[in-house]
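Working notes, structure below.
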């Protein structure tokens, strides 16, 4: 642990610097690969939507001796239309999922299961989703997403800088794409709980980005009045300075989410807790990546286009004996930070 | 412009802030006991029960009918129906805003199917004269089927083809216009009818109740009273049909396109009060009375979602949620103790205070605004542990950064705070925006999640300002911390400020 703290000190002073901005093409390429894979997975496989989105009924019988075959036979005997999905949940439950049924058919399935397993109708956990309900939920989720992005963009533009808000939104959209892509690829069930997870990730990913950008803003407040660092270098320094914090908070955020996932998947088998925490777990990992590798480079790129920043780069390059060509900014950053100290090898 | 040159405010009194927080906590605890709110209200998914979400059905050309008032009216009618079940703590509420609203009905306990059927009857009640009736099987091609005089051939054909043994014909349509001649099944599917245009409407009934006729043994009946308009309409209807031949002397009570009951009219009833007798059981009589009384919903609804959770599953989910919370909280505390050493105590203390504050708020809000904790809500609170701990880390890392720049702990605690405060405020505000938008755009479980996430983010702000910061201030005056003891979390080794010596 203290080794990590020591690393924090070196990162803070810029003695150890990781190239987040300079090697941005590499990070962009990695992300582009993932986003393309996500789009491919989405268009080829699509998302595996739960009955909440398609309409349908789900019946769970709580009986250790219940078998899949018994449940299937009993429900098939009622003659309900559509495909049946019968699963064992945990060690003592059997779940039957059907297509959209009407009240009479739902009651018939409940009765059949109750008779087959000798349990009361009330003890069968039932979820019935009307066919139009899924559209409603989907529509609301999309409204929520769009509303969220707009409000946050406006807020960040006011609290920070407009270009920071653009960079932050780019990172968030990146996160959503990749997380959804992973769901399509692996074929995890998408339920309303998953959607909650997705939306929470947006908040969390932005939270991470906000903290990094806050440091960036502090470091670049009066940057044009000096000529010690280019904007890109200052951003890179800020990311390095907040790196330990980012690692720490991501870990601390993952611990409770991991606990929910462990308990939800391990003890309950399925349901809200598992779906929610799975989406969060995947999203948090992606969100941490984007707040370090995507948002800051995008911001640096946007700002470096400004004449003031280009002039700054020229001054910095001239000072450090460079050729003075702004095109080489990226290369100039590739050193060991402004102090030009010999890089220390790691402590024992 | 740099904050380093600003005179550091040392006049703030951490002791006083901590004392105020303690007083607030004590006051809240007292309030909990005074109001008797000693247990958190649990949602149906944590204790078992049935919830039904109804969505207004928009028929083409009917978009304007779904007004806020109509939904409010529907809510109060459904509430009366649900209350008639006599289950304590049943709830009926509209969610969403404006015309885009759903009605959510939650009834705890084992009443499952009855609730679904009761609130499912959502269309307007109508009284129609019976023109013809037959057993519920199709009679098309049957030589004995004689067309009924006085109705169109089209209606006769529909009547002949209608198969009441098919489930899809027993769904009710809610689409029957009062002025149309209607072909309908009864609810059990045993009989089908041709019905005349409606003459009396559900809203013209002022009272309905079930009663037991003790003189005629134990026969249950339903008595109903009409308002002025209804009295004259019902009087005219009954005096016209009572002398007609079977089955045209029957008046069908039609709800949602299905015949609930079709009593024979034995005499003209001009008085505005009537009795429906028959071989009712107590439950049937009460349900019919409820339909008559509360049948007149202004809108048709679709059942969006029905969820029936058994008490066993409820208990399982509650335990799982609590276990996940305890596990997450415990692991975060252990991690911060390992990483921040002595400073970890601040994290543990802050998380404990935050947990206590959230729990007290759950209790009080349950009492004040009927807040119920759902599984998604528990998940929201657990996720918020991360957000809360994050605020401490931002602050701690800031203090350490300030010390790396050569400041003393006591100074760093103040200068670090000025910078960390801003970051925490901005970051928490983004979290609040997310929670607020989730709450306003979503329905059901998502709202529960958003609510606890927002609530815990607010609590995080309170705790960071009123507990964490003052506590760190107090601790910075203790030599264990200010001298940089190796276990304090502020040692030069852990700050990495003595690298060169070791290299």
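Residue numbers (this note's numbering), protein chains in the order written: chain A, 364 to 711; chain B, 2 to 504. Virtual Cβ for every residue (Gly too), placed ideally from N, Cα, C. Keep in mind that this is a model prediction, so the values were computed, not measured.
Quick one: is residue i buried, meaning 16 or more other Cβ sit within 10 Å of its Cβ, or exposed?
i	result
residue 247 of chain B	exposed
residue 450 of chain B	buried
residue 214 of chain B	exposed
residue 175 of chain B	Per-residue confidence for residue 175 of chain B stands at a pLDDT of 48, beneath the threshold of 50, marking its modelled position as unreliable; no derived number is given.
residue 284 of chain B	exposed
residue 497 of chain A	buried
residue 69 of chain B	exposed
residue 200 of chain B	buried
residue 555 of chain A	buried
residue 163 of chain B	buried
residue 690 of chain A	Only weak support exists for where residue 690 of chain A lies, its pLDDT of 38 falling under 50; the value from the coordinates is given anyway. Exposed, since its Cβ has fewer than 16 Cβ neighbours within 10 Å.
residue 334 of chain B	buried
residue 439 of chain A	exposed
residue 561 of chain A	buried
residue 502 of chain A	exposed
residue 431 of chain A	exposed
residue 686 of chain A	Model confidence at residue 686 of chain A stands at a pLDDT of 44, short of 50, so the residue's coordinates are unreliable and nothing is read from them.
Let me make sure I understand the geometry here. Which of the options has the alpha-carbon closest to that of residue i?
i	options	result
residue 593 of chain A	A/459, A/627, A/563 and A/681	A/681
residue 229 of chain B	B/245, B/242, B/220 and B/204	B/204
residue 408 of chain A	A/572, A/567, A/550 and A/642	A/550
residue 471 of chain B	B/486, B/415, B/353 and B/371	B/415
residue 418 of chain B	B/427, B/400, B/35 and B/406	B/400
residue 155 of chain B	B/166, B/181 and B/136	B/181
residue 90 of chain B	B/43, B/356 and B/490	B/43
residue 321 of chain B	A/636, A/640, A/475 and A/676	A/636
residue 262 of chain B	B/367, B/131, B/376 and B/440	B/131
residue 311 of chain B	B/16, B/20 and B/51	B/51
residue 460 of chain B	B/15, B/14 and B/22	B/22
residue 383 of chain A	A/598, A/673, A/638 and A/622	A/598
Using the beta-carbon of each residue, which ones in chain A are nearer than 7 angstroms to residue i?
i	result
residue 450 of chain B	559
residue 386 of chain B	619
residue 309 of chain B	488 and 489
residue 428 of chain B	570, 573 and 574
residue 332 of chain B	618 and 622
residue 398 of chain B	607 and 608
May I ask you to report which of helix, strand or coil DSSP gives residue i?
i	result
residue 36 of chain B	coil
residue 599 of chain A	helix
residue 14 of chain B	coil
residue 294 of chain B	helix
residue 386 of chain A	coil
residue 688 of chain A	The pLDDT assigned to residue 688 of chain A is 39, lower than 50, so where the model puts this residue is not dependable, and the model offers no usable value.
residue 526 of chain A	helix
residue 519 of chain A	helix
residue 41 of chain B	coil
residue 586 of chain A	helix
residue 668 of chain A	coil
residue 470 of chain B	helix
residue 449 of chain A	strand
residue 544 of chain A	helix
residue 1 of chain B	With chain B represented from 2 up to 504, any question about residue 1 of chain B goes unanswered, as that position is not in the structure.
residue 94 of chain B	strand
residue 619 of chain A	helix
So what does residue i bridge to, in DSSP terms?
i	result
residue 653 of chain A	Its beta-bridge partners do not exist; DSSP assigns none.
residue 194 of chain B	B/134 and B/185
residue 425 of chain A	A/456
residue 221 of chain B	B/213 and B/281
residue 492 of chain A	A/419 and B/306
residue 580 of chain A	Answer is none; residue 580 of chain A lacks a bridge partner.
Note down, in chain order, every chain B residue with its Cβ under 9 angstroms from the Cβ of residue i.
i	result
residue 511 of chain A	434, 435, 438, 439 and 442
Output, in chain order, the set of chain A residues within a Cβ distance shorter than 8 angstroms of residue i.
i	result
residue 305 of chain B	492, 493, 495, 496 and 499
residue 423 of chain B	577
residue 56 of chain B	493, 495, 496 and 499
residue 313 of chain B	425 and 486
residue 462 of chain B	Near residue 462 of chain B there are no residues of chain A at all, since even the closest Cβ is about 14 angstroms away, more than 8 angstroms.
Output, in chain order, the set of chain A residues within a Cβ distance shorter than 9 angstroms of residue i.
i	result
residue 105 of chain B	Result: empty, since nearest Cβ-Cβ is about 12 angstroms, beyond 9 angstroms.
residue 131 of chain B	In chain order: nothing, as chain A lies at least about 24 angstroms away.
residue 541 of chain B	Any answer about residue 541 of chain B is impossible in this case: the structure gives chain B only from 2 up to 504.
Strictly below 7 angstroms CB to CB, what residues from chain B border residue i?
i	result
residue 599 of chain A	Residues of chain B passing the Cβ test: none, with the nearest at roughly 17 angstroms.
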